[in-house]
Every structure is written in structure tokens, then in C-alpha cells.
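S.K.:
Residue numbers (the working numbering): 956 to 1234.
Written out as C-alpha cells, the structure is:
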């Protein structure tokens, strides 16, 4: 019982890992309670809490309904929501407008799945993200978020249309950052950390380059000379379509270059800000 008591500042607190049998009855994996500034009183309250938990476990093992009334009666601070925590977390960040919008979109999707912070809900978020479709697919692009995450929609998503492990991990990383923010500031008493998905393939290895014949067919199918030139520009320079209209032409050491170093438009990552010689 003494192992469950710890002191923060001048006050004693109770913290105990919830037994596996009772975890479905609690909002988090840890049961916490503020006790008293007096150690004797703190031990007495802690003893009562421990006895209630142990009795509840025994009742479950005897296949009887546990009496959790004393634990429910013990006042616990309501857990913060993901929405509230993320709102405060974003205020501390210093990132580009595009990056902030990306974070906000991911958190909005996560909150739509569940706004609760508990081991069960966080596991549910991770599981549901693995069933979500990519939003760049036409049929899902304009679909309302509530409909997108509905079971009716998720049951029809083809495997090839689902989010990749890399994309899912981006969602989980920002969620982990929000949860760490809450724990570091004492808002969350348990340091929740969601395990990322393993990535067995790099995106580059999953792609195949266009063959010479495919390139010739693409140019031949172009409806105008300007479109054909646009295709040539993209595959010869390596620029993304979104980068082609963001770059500027500049001359460096007598060599004409596509300049993406100082664009005011947001690019994908820091490596995207670069200089591409035309030759």
C-alpha cells in the first residue's frame, strides 16, 4: 500500500495501476486520488481505496458483480479532452501556416473518432485510422467527416484505398505530441503513448518509374503542345505539380534554374526548398 502513495509539493497523492480485471471500469490505466497533507490521514485514505480495489478484483474472480460505489464516490478530476489539449498545444508551436493546417486536419479527424483520453478510446482511434480511406480519392474527398468515419463507409473501403502506415503514423505522432504536452504540464497523470505502426516498405520502393513507351504514349495523348511541355517539365525536373507553379526562374553562375528556395508558398518539407538547374 505504501508504494501507491507519493508526495507532490506538500500534498500526498494515491496512484495505482488499475488491475487488468478492472481496466474496463476506469477511464485510464492509473487510478489517482489526492489524499492529504498529513501522512497518517493519507495512509488511512489510501488503505480504504486499496481495500476497495482488491475487493472488486476478488468479486470479479468469483464471477460476481464488483461494488465500485466507493471508488466512484471518490472525487476525481474530469479528464481533459483531446480537443482542449490540442488547442492549447498548437498555441505553443512555431510552424508554417501549411503545417499548422495539416496538424489541425489530423486532429479534427481524430476528435471525430473519439475525443476521450483513455486507454480504450486511444486504442480505438489507432484501430479506426487503419480502416480510413485516403482523402485524395475522388469519392472520399468531399464526403463529410462524420460519414467518412462511419461503419457504413469503412466496411466498403478497399485495401488499396486505405491510409498507408506512414500516413497513419503522422496522425499518431501529432496525437502523441498532444498527450505528452498534457502530461508534461500535469494535466494528465498518465503518460499515454500510442505505438506507431511498423513500416516495412519505403514509399520509393513501392513506386515504379514510367517506361520510355509510357512516356511517349503520355505525350502523344496530350491534348495540346502546352500540356505535353508541362509533362516534360515535371518528369525532367522532378518537381511536384504543386511546385511547378510555385517556382521562379533565376540564373546562377550563368545557368538557368528553377528556384524553390525562397517561395512564400508552403512546400511539403524542408528538403523541398531547393534549386534545380534547367540543364
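We treat Cβ as the ideally placed atom computed from N, Cα and C, and that holds for glycine.
Bear in mind the structure is a predicted one, so any value in this text is a computation, not a measurement.
Quick check on the DSSP output: the beta strand (DSSP E) that includes residue 986 runs from which residue to which?
M.R.: Here residue 986 refers to the residue found at position 31 of the chain shown. Its beta strand (DSSP E) spans residues 985-991.
S.K.: Helix, strand or coil for residue 1098? Go by DSSP, reduced to three states.
M.R.: Working through the chain shown from its first residue, we reach residue 1098 at position 143. The answer is coil: DSSP assigns residue 1098 none of H, G, I, E or B.
S.K.: Whose C-alpha, out of 963, 978, 976, 1008, is nearest the C-alpha of residue 990?
M.R.: Your numbering for residue 990 matches position 35 in the chain shown. Considering only alpha carbons, the answer is 963.
S.K.: Thinking just about the alpha-carbon of each residue, which of 1209, 1198, 1210 is nearest to the one in residue 1229?
M.R.: By one-based count along the chain shown, residue 1229 stands at place 274. For residue 1229, the nearest C-alpha among the options comes from 1198.
S.K.: Measuring straight from C-alpha to C-alpha, what distance separates residue 1203 and residue 1110?
M.R.: For the purposes of this step, residue 1203 is taken as residue 248 along the chain shown, with counting starting at 1. For the purposes of this step, residue 1110 is taken as residue 155 along the chain shown, with counting starting at 1. About 45 Å.
S.K.: Quick check on residue 1168: does DSSP put it in helix, strand or coil?
M.R.: Here residue 1168 corresponds to residue number 213 of the chain shown, with the count starting at 1. Assignment of residue 1168 by DSSP, reduced to helix, strand and coil, places it in the helix class.
S.K.: Check whether the Cβ atoms of residue 1058 and residue 1129 lie closer than 7 Å to each other.
M.R.: The residue given as residue 1058 occupies position 103 in the chain shown. The residue given as residue 1129 occupies position 174 in the chain shown. In contact: residue 1058 and residue 1129 (Cβ atoms closer than 7 Å).
S.K.: Can you tell me where the alpha helix (DSSP H) holding residue 1040 begins and where it ends?
M.R.: Here residue 1040 refers to the residue found at position 85 of the chain shown. Counting along the chain, the alpha helix (DSSP H) containing residue 1040 begins and ends at 1037-1045.
S.K.: Write down every uninterrupted run of the beta strand (DSSP E) in the region 1164-1227 whose length is 3 residues or greater and which is fully enclosed by it, in chain order.
M.R.: 1203-1207, 1210-1214
S.K.: Could you give the distance in angstroms between the alpha-carbon of residue 1143 and the alpha-carbon of residue 1221?
M.R.: Start at 1 with the first residue of the chain shown, and residue 1143 comes out as number 188. Start at 1 with the first residue of the chain shown, and residue 1221 comes out as number 266. Rounded to whole angstroms, the separation of the alpha carbons of residue 1221 and residue 1143 is 34 Å.
S.K.: Using the C-alpha atoms, what's the distance from residue 1190 back to residue 1213?
M.R.: As a position in the chain shown, residue 1213 is number 258, starting the count at 1. As a position in the chain shown, residue 1190 is number 235, starting the count at 1. Those two C-alpha atoms are separated by around 14 Å.
S.K.: Does the structure place the region 994-1010 close enough to the region 1098-1112 that three or more beta carbon pairs sit under 8 Å?
M.R.: no
S.K.: Kindly identify the DSSP beta-bridge partner or partners of residue 1060.
M.R.: One-based indexing of the chain shown puts residue 1060 at position 105. Bridge partners of residue 1060: none, in fact.
S.K.: Touching or not, the region 1111-1131 and the region 1075-1090, by the rule of three or more beta carbon pairs under 8 Å?
M.R.: yes
S.K.: Does residue 1115 come out as helix, strand or coil in the three-state DSSP assignment?
M.R.: Position 160 of the chain shown, counting from 1, holds the residue named residue 1115. Looking at residue 1115 - three-state DSSP - the assignment turns out to be helix.
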